[in-house]
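Worksheet: one structure, shown below.
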Amino acid sequence: MIYLDHNATTPVLPEVLQAMMPYLTTEWGNPSSAYKFGAKLKSVIETARAQVAELIGAQPREVIFTSCATESNNAAIHAARKANPNKRHIVTSAVEHSSVLNYCMALAVQQTVDALRG
Ligand SMILES: Cc1ncc(COP(=O)(O)O)c(C=O)c1O
């Protein structure tokens with residue numbers, strides 16, 4: 023098969039899969055848990071965060087891991103709005119992914135409701 027839609031999804035590199043295997047099989051858990059095992063997983067994630075940051079020339083605190091593209095898109099729009107509270111317009115287009123369009127539409131509806139309430 024020749025898969026031509028890597029924009030929608032893409033396979034994991036073998037070396038990524040190999041690095042992830044322990045955390046997908048035997049060492050899985052909640053890194054936010056207070057117990058020792060959770061703390062160990064937290065340290066694994068923080069190491070990964072630092073590695074990603076170094077790779078892209080960012081600070082580790084600027085790297086946020088999300089569960090999917092929808093969450094990433096929503097978080098990016100939310101952060102942009104929060105950083106620019108006086109800006110009242112978001113420009114998007116009809117060809118944008120529904121995760122962006124739907125979020126923008128929800129914001130527009132909320133803005134209209136807020137305006138009507140005064
Ligand atoms: C540009 C874009 N945004 C968002 C999504 C939604 O991705 P997810 O299912 O990971 O939320 C996709 C999925 O194909 C996408 O291509």
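Numbering (the working numbering), first residue to last: 23 to 140. Don't be surprised by glycine CBs; every beta carbon is placed ideally from N, CA and C. As the structure is a prediction and not an experimental result, all values here were calculated from the model.
Anticipated Cβ contact below 8 Å, residue i with residue j, distance rounded
i: Arg71; j: Pro82; result: 5 Å
Test: residue i CB closer than 8 Å to a CB of chain B
i: Leu129; result: Considering every chain present, this structure includes no chain B. It has just one protein chain.
As assigned by DSSP and simplified to three states, the class of residue i
i: Thr47; result: coil
i: His18; result: Since the first residue shown for the chain is 23 and the last is 140, residue 18 is missing from the structure and cannot be characterised.
i: Met23; result: coil
i: Thr31; result: coil
i: Val117; result: coil
i: Gly140; result: coil
Where residue i falls, given that 16 or more other Cβ within 10 Å makes a residue buried
i: Asn108; result: exposed
i: Asn29; result: exposed
i: Asn106; result: exposed
Quick test of the definition: if touching needs 3 or more C-beta pairs under 8 Å, does the stretch 88 to 95 touch the stretch 57 to 67?
no
Curious, which full-length alpha helix (DSSP H) runs of at least 4 residues does the stretch 80 to 106 contain?
91 to 105
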